[in-house]
Amino acid sequence: MATAYDIIKRPIITEQSMSETENRKYTFEVDRNSNKIEIAKAVEEIFGVKVEKVTTLNMDGKKKRLGAQPQGRRPHWKKAVVKLTEDSKTIEFFEGMV
Numbered sequence: 612m613a614t615a616y617d618i619i620k621r622p623i624i625t626e627q628s629m630s631e632t633e634n635r636k637y638t639f640e641v642d643r644n645s646n647k648i649e650i651a652k653a654v655e656e657i658f659g660v661k662v663e664k665v666t667t668l669n670m671d672g673k674k675k676r677l678g679a680q681p682q683g684r685r686p687h688w689k690k691a692v693v694k695l696t697e698d699s700k701t702i703e704f705f706e707g708m709v
């Protein structure tokens, strides 16, 4: 069985994701084989918060080439947007980034 740290790979720090932290939504890159229930439990375990809703997106890897070499691809990955309940505390990891 995968641990919580195997499911949640890294936070996604972009301008759009940082603006969503005001609405208690946090964005993470997650394991491609994990489902919404596993993601919610992993976030609750790691950060000690209550999750209201999880939305997932399968992101296609971008096409890349280097000079005359044949075209390749970056790996596909999965993104999860986690919404916290109103009575839950915020995730301190994102506090100084806004």
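Residue numbers for the sequence shown follow the working numbering, so the first one is 612 and each next one is one higher. Every residue gets a Cβ at the ideal spot worked out from N, C-alpha and C, and that includes glycine.
Sequence-distant residues of its chain with Cβ nearer than 6 Å to residue 621 (five each side left out): Residue mapping note: residue 621 aligns to position 10 of the sequence shown, counting from 1. Excluding sequence neighbours, residue 621 sits near 640.
If you draw a straight line from the C-alpha of residue 661 to the C-alpha of residue 703, how long is it? Locating residue 661 in the sequence shown gives position 50, where the first residue counts as 1. Locating residue 703 in the sequence shown gives position 92, where the first residue counts as 1. Between the alpha carbons of residue 661 and residue 703 lies a gap of roughly 14 Å.
Using 8 Å as the threshold, is the C-beta distance between residue 692 and residue 636 below it? For the purposes of this step, residue 692 is taken as residue 81 along the sequence shown, with counting starting at 1. For the purposes of this step, residue 636 is taken as residue 25 along the sequence shown, with counting starting at 1. Yes, the Cβ-Cβ distance between residue 692 and residue 636 is below 8 Å.
With DSSP as the reference, label residue 644 as helix, strand or coil. As a working mapping, residue 644 is identified with position 33 in the sequence shown. In the structure shown, the three-state DSSP call for residue 644 is coil.
What span of residues does the beta strand (DSSP E) with residue 626 cover, start to end? In the sequence shown, counting from the first residue as 1, residue 626 sits at position 15. Not the beta strand (DSSP E): residue 626 falls in the alpha helix (DSSP H), residues 626-630.
Return the residue from the list 665, 670, 685 and 695 that minimises the CA-CA distance to residue 676. Position 65 of the sequence shown, counted from the start, is the residue given in the question as residue 676. The residue with the shortest Cα to Cα distance from residue 676 is 685.
Put residue 618 into one of helix, strand or coil per three-state DSSP. Position 7 of the sequence shown, counted from the start, is the residue given in the question as residue 618. In this structure, residue 618 counts as helix in the three-state DSSP scheme.
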